[in-house]
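Chains as they are written, first to last, in this note's numbering: chain A, 340 to 574; chain B, 131 to 892.
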Amino acid sequence: MAEPIIEFKEVAKSYQRGDRIFYALRHVNLTIHEGEMVVILGPSGAGKSTLLNLLGGMDTATEGSIIFEGVDITKYNDNQLTQYRAKNVGVVFQFYNLIPTLTAYENVALMKEIEENTLDPKKCMEAVGLGEHFHQFPAQMSGGEQQRTSIARALAKNPKLLLCDEPTGALDTETGRGVLELLQKMSSESQHTVIMVTHNSSFADIANKVIRVKNGTVESITINQKPINANEVSW
Amino acid sequence: MLNRKLLRDLLKNKIQFISIFLMSFLGLLVFVGLDAEGNGLGTSSKSYYDATNLADLWVMGKGFTNEDIRIIENLTGVAHAERRLQINTTAVLENEPFVQLNFIEENEVSKLYLKSGEKYSSSSEGIWLDELFAKGQNLSIGDTITLEYNGMKITEEIKGLIIHPEYVFFLADEGAMMPNYGSYGYGFLSSKEFPVQNQFVYSELLVDVDQDVNLTRIKDAIKSQIDSDNLVITDRKQSLSYSTFDAEKQQHISMGFMFPIVFLLIAILGIVTTMTRMTSNQRIQIGTLKALGFTKQKITLHYMSYGFAISLIGGLMGAYVGYSYLPLLFRENMMEAYTLPVWEVSMSSNSYIAILANVFISTLVSYLACQRELRDPPATTLKPVVPKKSKPTFIEKSALWNRLNFSVKWNYRDIIRNRIRTLMGIVGVIGCTMLMVCAFGCRDSVTDMTSWMYGEIMTCNTKIIFSDLAGDASKIDYAKKYEGQLIEEKAIELAVKNLKKTGSITVLDKGNYIHFQDDKLSHINLSQNGIALSYKMAQNLGIDIGDFVEWHIVGETKWIKSRVEQLYRSPANQGISMNRKTFENLEHTFCATALLTNKSPETNLSDQDEIQAVQNINKLKQDMDKSMEMMNTMVGILILAAVLLGVVVLYNLGVLTFVEKTREIATLKVLGFSSKQIRGILQKQNLWVTIAGIIIGLPIGYQFLVVLCSTLSESQDLVPSVTILSYCFSIGGTFAVSTLVNWLLSGKIKTINMVDALKGVE
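(1) I need the DSSP call for LEU118/B, collapsed to helix, strand or coil.
(2) What are the start and end residues of the alpha helix (DSSP H) that includes ARG549/B?
(3) According to the neighbour-count rule (16 or more other Cβ atoms, all chains shown, within 10 Å of its Cβ), is PRO907/B buried or exposed?
(4) Scan the stretch 407-425 of chain A for residues whose Cβ lies nearer than 9 Å to a Cβ of chain B and list them as they occur along the chain.
(5) Using a Cβ cut-off of 7 Å, pull out every chain B residue sitting near ASN392/A, in sequence order please.
(6) In three-state terms, what does DSSP make of ASP303/B?
(7) Residues of chain B with CB under 8 Å from GLY395/A, in chain order?
(8) For ASN232/B, list the residues DSSP reports as bridge partners.
(9) Run through chain A and tell me which residues come within less than 8 Å of TRP540/B, C-beta to C-beta.
(10) Tell me the rounded alpha-carbon separation between LYS496/A and VAL431/A.
(11) Using the rule of at least 16 other Cβ atoms within 10 Å of the residue's Cβ for burial, across every protein chain shown, is THR723/B buried or exposed?
(12) Would SER321/B and PHE194/B qualify as a contact pair, given that the criterion is a beta-carbon distance under 7 Å?
(13) Give me, in chain order, the residues of the same chain whose beta-carbon lies closer than 7 Å to that of GLU892/B; leave out the 5 immediate sequence neighbours on both sides.
(14) So, for LEU838/B: in the same chain, excluding its five sequence neighbours on each side, which residues have a beta-carbon less than 8 Å away from its beta-carbon?
(15) Please compile the residues from chain A whose C-beta is within a distance smaller than 9 Å of the C-beta of ASP544/B.
(16) Going by beta-carbon coordinates alone, are ALA209/B and ASP376/B separated by less than 7 Å?
(17) Could you tell me which whole alpha helix (DSSP H) segments of length 4 or greater appear in the stretch 319-389 of chain B?
(18) Taking the straight line between their C-alpha atoms, what separation do you get for LEU369/A and LEU870/B?
(19) Contact criterion: CB-CB distance below 7 Å. Does LEU449/A meet it with respect to chain B?
(20) Answer with yes or no whether the minimum CB distance from GLU455/A to chain B is below 7 Å.
(21) Please classify TYR372/B as buried or exposed, where buried requires at least 16 neighbouring CB atoms within 10 angstroms.
(22) Between which two residues does the alpha helix (DSSP H) carrying ASN457/B extend?
(23) Out of GLN696/B, GLN669/B, GLU695/B, LEU716/B, state which residue places its alpha-carbon closest to the alpha-carbon of TRP689/B.
(24) How should GLN564/A be labelled, buried or exposed, when 16 other C-beta atoms within 10 angstroms of its C-beta is the threshold for buried?
(25) Taking a contact to mean a Cβ-Cβ separation below 7 Å, would you say SER707/B touches ALA662/B in this structure?
(26) Mark PRO914/B as exposed unless 16 or more other C-beta atoms lie within 10 angstroms of its C-beta, in which case mark it buried.
(27) Looking at the structure shown, is PRO343/A part of a helix, part of a strand, or coil, going by DSSP?
(28) Whole-angstrom Cβ separation of SER441/B and SER664/B, contact assumed at under 8 Å?
(29) Could you pull out every unbroken alpha helix (DSSP H) segment of at least 4 residues lying fully inside the stretch 148-204 of chain B, listed in chain order?
(30) Spatial neighbours of LEU231/B within its chain, please: C-beta separation below 6 Å, excluding the five flanking residues on both sides.
(31) Using 10 angstroms around the beta-carbon of MET115/B, count the other beta-carbons present and answer buried if the total reaches 16, otherwise exposed.
(32) Contact between the stretch 451-459 of chain A and the stretch 402-410 of chain A is defined here as three or more beta-carbon pairs at a separation below 8 Å; is this criterion met?
(33) Distance, Cα to Cα, GLY827/B vs GLN427/B?
(34) Give a yes or no on whether the minimum CB-CB distance between SER804/B and chain A is below 7 Å.
(35) Does VAL885/B come out as helix, strand or coil in the three-state DSSP assignment?
(36) For the candidate residues VAL518/A, THR413/A, ILE490/A, GLU505/A, whose alpha-carbon lies nearest to that of SER383/A?
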């Protein structure tokens, strides 16, 4: 087994609501290894989005420590977190979040502005199967094409963590399956660590590791010895 | 319930609505303020003129009899006529101040306005003295004052302090440009008080006519009925006091017209951008309302009430504040230049029209904005709008495009897709730069005028003005003694066809103290055989070089028709100039009225009977600099307006971009862009808009100044000028405003929560 890439130790996230303290997450312990395909599963409000935000350095934990490659990122300040996101994390959003005034190619090439060692945007586009849509604006593309662009953008940074928030949430089954297949390929062939958040339990079968979240705690962590191919998933 | 939605929407978009509110507020503040002030000048002066029954016509001649009065009063349309003698005296006080004395017969036309003391009656003895002069010379009721006229001494007890409708604006001499009340004055007394009664003649007739009679007809009738061949008849428009004040009033009103247009234009652009953004954001809401069964009218009315409410509240508050406070800013300076018993403030119908127009246009724009979303059936409106396909512009197709960095591309496309919003920003910056150029330019122009008048056109140190007692021989002696230049300055009347204007004539003897400049301000020599006409007078008469003008000296009958050989520019005295030789060739006798010199006169020179006054040019310069204080107030108001305009427009633009881009900014943050990088991207657009606005605003500001200068009074010729330093200040000022706004906005980027990027589209 490879080295752990990221580790949560007794992590909690709480909010002050008037006099009361509300916990979005508590006592979370988990370990994710390099090259794994992880699915975080849970109903809405369970805390899976909070978990993803903490993984991506978009939010800070209130308790515990998050160790990324041996360094505790909960101690990071704003600038360091920005650096962390820029260097290590790629995010695929449910609603794609492409910059509407940039073409598909420009959205991917955008990554050059923050990271010098980016992959060639053209290769990334090809890797997601978008050769001919280089110069379309997001509004002129289908949902699937937009999501592929979004994945290509995330890949361009060659991130250590590829975080996906309901990546098929806005897509039809057929298109969604294509996106899942692509993500699975990223993990198995290119050794990217892919972490996907979803409420759809059918996706559990395609992962190496399934983390089930409920009421702000980790309910179970299961290892899938033989994940199925994404094109066999149905929902 | 929709009203509750209205309130909450207003709160949610408070920055945009506040900025529209501010633009409506500022636009009407300036408009109504200046209108109420200018119109107030009109009503105050009108009630003053009505109460004192200011004469409608002044007839000047050699001496009028009771018979003349009878003839004139018998003319149809004439209500009353009375006689008077006006003489220029010097008071036996320190500095020998100039006092214009009026010996009056009755007190029915151009009546005295009593400020304190005894009421005037034709039987009373004593003098009624100019209130400001009394104050300036520390005189009070009961004191005696002695005045000298041609060696004659007139000593009188001061019975009352007055102001007079013919002295609303009053200069000590034709060459002065700004009044300095208190250092000279006027007095009124009964004709019985003239010390040598057998020398007394009435040289002036004041005529009061009925309302709405044709003045030209009465003038002609008087000329044909009175048996005298050297009558000069002037009306109110030809009197310095009346016309100067009238021009001042006009100037205030026209200023009030020009500036608010900028603000109102921006208010409208602001409403267009905000309302279209809001209605397109609420597209699905509109669809829902329709699907729920709300009528089109009801929804339209709802969206119209945004524009209506904001512009109504903003406009009314602006009008109130402008009406109450803006006139006060001018008051002190106005009181230094003009004398009126009361200073009223009153709105003209233009103010009401402006308030209504503002509300109407704002409401109309809101109406049009929501119609766009209401056109489609609810089924279509319930779905999000399909974005327009935009064709790539030529820049995007060019090879250069791919080499541009992200922030340039992003901002370029953002501008292309939000043209109206960008236009609003640019217009705002243009307005800001323009107002600054105008403000600094006004100051430059007036500063320039002082050095132009007393540095380039008149280059002597001292002007010695002769009294009527000085003979030709002694004038020549003075000229030799002071190595000076003799000049003759007289009032003239000019005519082209039926158009008559009063002006002055300057005749130059040998010497080199008065210089002439053509319309491009380069030096010219007076031609040897023709007359030169001042540029502003030529404009007023509508003629040019080569045309003919008829003129005569006031008090003389001979009209002369002359060809205009040259035009020259002159800041203050408008009329004609010529050499002594030319003047004598026209069969006039040269009779010097003043001597220009660079030698310092003896201190007691003005005591001589032959000398009426000795003017120190430096003193005149200082008087003129006083008028700069008024200018500084104006400059201050304009710059304040410019800064407010710039801040509000750029901030609104920034916030609009910001609000629309919240999701994109959050995404960029998640992707790893630092706040600093994002700030740089957003500020770039602001910077472009600022630069574009400045580039367009500078020449427009200059043009604006040209218009402003040309709307000044008929007698003043102001050359618009803007120094390089002023341009620099305007550019620097606009950038300062832009930087301030960037600083205000940059704090907001930190407040954006990245997690929002992960949420669904609202």
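C-beta: ideal position from N, C-alpha, C; glycine also.
Taking the structure as given:
(1) It is not possible to answer for residue 118/B, since the shown part of chain B is limited to 131 through 892.
(2) Run containing ARG549/B: 549-581, per the alpha helix (DSSP H) assignment.
(3) Since the first residue shown for chain B is 131 and the last is 892, residue 907/B is missing from the structure and cannot be characterised.
(4) Cβ contacts with chain B come from ASP417, ASN418, THR421, GLN422, TYR423, ARG424, ALA425.
(5) By Cβ distance, chain B contributes VAL885.
(6) The answer is coil: DSSP assigns ASP303/B none of H, G, I, E or B.
(7) Here the neighbours are VAL800.
(8) In the DSSP output, where bridge partners are listed per residue, ASN232/B has GLN216/B, PHE318/B.
(9) Here the neighbours are ILE438, THR440, LEU441.
(10) Their backbone Cα atoms lie some 12 Å apart in a straight line.
(11) Label assigned to THR723/B: buried.
(12) No, they are not a contact pair.
(13) Low confidence applies here, because GLU892/B scores a pLDDT of 44, under 50, leaving its location unreliable; read the following figure in that light. The beta carbon of GLU892/B is closer than 7 Å to none in its chain, skipping five residues each way along the sequence.
(14) Apart from the 5 residues on each side of it in sequence, LEU838/B sits with its Cβ closer than 8 Å to the Cβ of MET385, MET388, CYS568, CYS572, PRO850 in its chain, given in chain order.
(15) For the C-beta of ASP544/B, the chain A residues within less than 9 Å are, from N- to C-terminus, THR440.
(16) Note that the C-beta distance between ALA209/B and ASP376/B is not below 7 Å.
(17) For the stretch 319-389 of chain B, whole alpha helix (DSSP H) runs of length 4 or above, ordered along the chain, are 345-355.
(18) Distance from the CA atom of LEU369/A to the CA atom of LEU870/B, rounded to whole angstroms, is 48 Å.
(19) It does; some Cβ of chain B falls within 7 Å.
(20) No - not a single Cβ of chain B is within 7 Å of the one on GLU455/A.
(21) So TYR372/B counts as buried.
(22) The question names Asn, but residue 457/B in the sequence shown is Pro. Counting along the chain, the unbroken alpha helix (DSSP H) around PRO457/B starts and ends at 426-467.
(23) The shortest Cα separation from TRP689/B among GLN696/B, GLN669/B, GLU695/B, LEU716/B belongs to LEU716/B.
(24) Label assigned to GLN564/A: exposed.
(25) In contact: SER707/B and ALA662/B (Cβ atoms closer than 7 Å).
(26) The structure shown does not extend to residue 914/B, since chain B is modelled only from 131 to 892, so the question has no answer here.
(27) PRO343/A sits in a strand when the DSSP states are folded into three classes.
(28) Rounded, the Cβ-Cβ distance is 47 Å, inconsistent with contact.
(29) Counting only unbroken stretches of 4 or more residues, the alpha helix (DSSP H) elements lying wholly within the stretch 148-204 of chain B are 196-204, in sequence order.
(30) These residues qualify, in order along the chain: ILE217, THR219, GLY317.
(31) With chain B running from 131 to 892 in the structure shown, residue 115/B is simply not present.
(32) Inter-segment contact for the stretch 451-459 of chain A and the stretch 402-410 of chain A is absent: fewer than three beta-carbon pairs are separated by less than 8 Å.
(33) The alpha-carbon of GLY827/B is positioned some 42 Å away from that of GLN427/B.
(34) Yes, SER804/B counts as interfacial toward chain A.
(35) DSSP, read as helix, strand or coil, puts VAL885/B in helix.
(36) Ranking VAL518/A, THR413/A, ILE490/A, GLU505/A by Cα distance to SER383/A puts GLU505/A first.
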